[in-house]
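Working notes for the structure below.
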Amino acid sequence: MIDYQSAQLDKEDLKAIYKGMDLGRKIDERMWLLNRAGKIPFVISCQGQEATQVGAAYALEKGDVTAPYYRDLALVTYLGMTPLETMYSVFGKRDDISSGGKQMPSHFSKKEIGIMSQGSSVATQLLHAIGAALTFKMDGTQQVALSTLGEGSSNQGDFHEGLNFVGVHKLPFICIIENNQYAISVSKDLQYGAERLSDRAKGYGMHGVTVDGNDPIAVYQAVKEARTRALNGEGGTLIEAMCTRLTAHSSDDDDRYRSDDIKAADKASDCNKLFKEYLLAEHIADDAWFEDIEQQHKAIVNDATKQAEAAPYPDASETYTHVYEQGGPFNA
Ligand SMILES: Cc1ncc(C[n+]2csc(CCOP(=O)(O)OP(=O)(O)O)c2C)c(N)n1
Ligand SMILES: [Mg+2]
Numbered sequence: 008m009i010d011y012q013s014a015q016l017d018k019e020d021l022k023a024i025y026k027g028m029d030l031g032r033k034i035d036e037r038m039w040l041l042n043r044a045g046k047i048p049f050v051i052s053c054q055g056q057e058a059t060q061v062g063a064a065y066a067l068e069k070g071d072v073t074a075p076y077y078r079d080l081a082l083v084t085y086l087g088m089t090p091l092e093t094m095y096s097v098f099g100k101r102d103d104i105s106s107g108g109k110q111m112p113s114h115f116s117k118k119e120i121g122i123m124s125q126g127s128s129v130a131t132q133l134l135h136a137i138g139a140a141l142t143f144k145m146d147g148t149q150q151v152a153l154s155t156l157g158e159g160s161s162n163q164g165d166f167h168e169g170l171n172f173v174g175v176h177k178l179p180f181i182c183i184i185e186n187n188q189y190a191i192s193v194s195k196d197l198q199y200g201a202e203r204l205s206d207r208a209k210g211y212g213m214h215g216v217t218v219d220g221n222d223p224i225a226v227y228q229a230v231k232e233a234r235t236r237a238l239n240g241e242g243g244t245l246i247e248a249m250c251t252r253l254t255a256h257s258s259d260d261d262d263r264y265r266s267d268d269i270k271a272a273d274k275a276s277d278c279n280k281l282f283k284e285y286l287l288a289e290h291i292a293d294d295a296w297f298e299d300i301e302q303q304h305k306a307i308v309n310d311a312t313k314q315a316e317a318a319p320y321p322d323a324s325e326t327y328t329h330v331y332e333q334g335g336p337f338n339a
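Every position in the sequence shown, counted from 1, becomes a number in our numbering once 7 is added.
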C-alpha cells in the first residue's frame with residue numbers, strides 16, 4: 008500500500024474504504040450462493056476488484072457522474088445503490104430500479120446518484136459518460152464524469168474514438184481500465200501488445216497512469232489527482248488499475264482455462280484480504296472491529312435477500328413498459 012498520509016487520507020477514511028470493499032464482497036458472495044442454489048439466473052462478479060472500485064468511488068464528489076461496467080458492484084454500492092436494490096435486480100423482481108426486473112442484472116443505473124444507464128455491449132458506456140463530460144465543460148460546472156471498463160473492452164472502437172474526443176476537447180473525464188488480465192478466457196497476452204495500457208493516453212492527448220489496483224489508496228490518489236486536473240481544465244485521465252479476477256468470468260463460465268496454480272496465486276492477491284492485513288498491521292483496526300463489520304454486513308445482506316426473494320415479479324402486462332413509448336406493439 009502507498010502511504011495513506013501522503014494521499015491525504017486518515018485512519019477513518021481507510022476504515023470507510025474497507026467497509027465499502029467488504030459490503031461489495033458480501034453481496035457478491037451471496038449472489039453466487041443464490042445462483043448455485045438455483046434461485047437467481049446469473050452472476051458477474053466484482054470479487055478481486057473491490058479495492059479499485061471503492062478507491063475510485065471514494066475520490067468522487069456529489070454531482071459527479073459515473074458510467075460503470077457490469078463488474079462494478081462494489082463501486083455502485085459505495086455510491087449508494089442499496090443491497091436491496093441489487094437483490095431485486097438479481098432476482099429479476101418488479102422493484103428492480105434499473106429495469107423493473109426485465110434486464111440482465113449488473114446493468115446498473117440510479118439517476119439520483121449520477122449512475123448512468125447501460126447495456127451489455129462493452130465500452131459503449133464510455134460514450135455516455137464522455138457526453139456528460141462535454142455537457143459539464145459547456146456549462147462550466149465543477150463536475151467530472153468517470154467511466155470504467157475491462158482491459159479486453161479497451162480494444163473496442165468506442166474506446167479509441169471516445170478518448171480521442173476527450174483529448175481534442177480537454178473534457179473533465181476519467182477512464183479506469185480495471186485490468187484483471189482476462190477477457191472471459193483470453194489472457195492479456197492475447198489481447199494487446201502494449202506493455203501498459205495507460206501508455207495509450209499519450210496518443211489521445213490525455214494523462215495516463217498505471218496503478219496497483221489491489222491498493223485502494225493508490226487508486227484513490229490517482230482518481231483524486233485526475234479529478235483535480237479535470238476541474239483545472241487540463242482534460243482527461245486514463246488510469247489502468249492492475250487487479251485480479253477472483254472468480255470465473257460469470258456464473259456461466261467454468262474457468263478451466265486457468266490452472267490450479269494460477270488460481271492459488273490469484274487467491275493470494277485478494278485485495279480485501281491484503282487491505283485487511285494492512286489495517287491490522289498498521290493498528291488502524293483490530294479483530295473486534297472486523298468482526299463487528301462482518302456481522303453488520305451479514306445482517307444487511309440477509310435482510311436484502313429475504314426481502315427481495317419475497318417480492319413480486321413484474322406482471323406480464325408490464326412487459327413493454329419503458330421499452331416502447333406507446334406501450335408496446337399491441338397498443339401502438
Ligand atoms: C461489443 C461486445 N462484444 C463482445 C461482448 C461479449 N463479452 C462480454 S464480457 C466480454 C469480455 C470483456 O473482458 P474485459 O473487458 O477484460 O472485462 P472483464 O469481464 O474481464 O472485467 C466479452 C467479450 C460484449 N458484451 N459486447
Ligand atoms: Mg478483463
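Don't be surprised by glycine CBs; every beta carbon is placed ideally from N, CA and C.
Tell me whether residue i sits in a helix, a strand or coil according to DSSP, three-state version.
i      : result
Lys118 : helix
Tyr189 : strand
Ala23  : helix
Asp262 : coil
Ala306 : helix
Ile224 : helix
Asn53  : Rather than Asn, the amino acid found at residue 53 in this sequence is Cys. Coil at Cys53, not helix or strand.
Met8   : coil
Glu247 : strand
Val218 : strand
Excluding five sequence neighbours on each side, which residues of the same chain lie with their C-beta closer than 7 Å to the C-beta of residue i?
i      : result
Met111 : Phe49 and Ser127
Using only alpha-carbon positions, find the residue among the options that is nearest to residue i.
i      : options                           : result
Lys26  : Tyr327, Ile300 and Ala139         : Ile300
Arg203 : Asn42, Met123 and Leu245          : Leu245
Asp17  : Glu316, Glu332 and His290         : His290
Val308 : Asp35, Asp10 and Met123           : Asp35
Glu247 : Val218, Ala237, Val230 and Ser258 : Val218
Leu86  : Ala74, Tyr95, Ala208 and Ser96    : Ala74
Asn279 : Val173, Arg32, Pro179 and Asn239  : Arg32
Ile9   : Ala306, Tyr285 and Phe297         : Tyr285
Lys283 : Asn186, His114 and Pro223         : Pro223
Phe115 : Asp79, Gly99, Phe143 and Gly157   : Asp79
Gly200 : Val97, Gly159 and Asp293          : Gly159
Glu190 : Gly220, Gly240 and Arg265         : Reading the sequence as shown, one finds Ala at residue 190 and not Glu. Comparing Cα positions, the closest option is Arg265.
Do residue j and residue i have their beta-carbon atoms positioned less than 9 Å apart in this structure?
i      : j      : result
Leu141 : Cys182 : no
Thr251 : Gln188 : yes
Cys53  : Ala14  : no
Gln125 : Asp71  : no
Phe166 : Ala130 : yes
Gln56  : Glu185 : yes
Within the same chain, show all residues whose beta-carbon is closer than 6 Å to that of residue i, passing over the 5 residues directly before and after it, in chain order.
i      : result
Leu41  : Ile47
Pro321 : Arg101, Gly107 and Gly108
Glu92  : Ile104
Leu287 : none
Tyr211 : Leu170, Asn171 and Gly174
His135 : Ala74 and Met123
Answer with buried or exposed for residue i, where buried requires no fewer than 16 other C-beta atoms within 10 angstroms of its C-beta.
i      : result
Val193 : exposed
His329 : exposed
Arg234 : buried
Leu197 : exposed
Met145 : exposed
Ala311 : buried
Thr84  : buried
Glu298 : exposed
Ala317 : exposed
Arg37  : buried
Excluding the 5 residues preceding and the 5 following residue i in the sequence, name in chain order all residues of the same chain whose CB lies nearer than 8 Å to its CB.
i      : result
Tyr227 : Ala14, Leu16, Ile24, Gly62, Ala63, Tyr65 and Ala66
Asp20  : Tyr11 and Tyr65
Thr89  : Ala311
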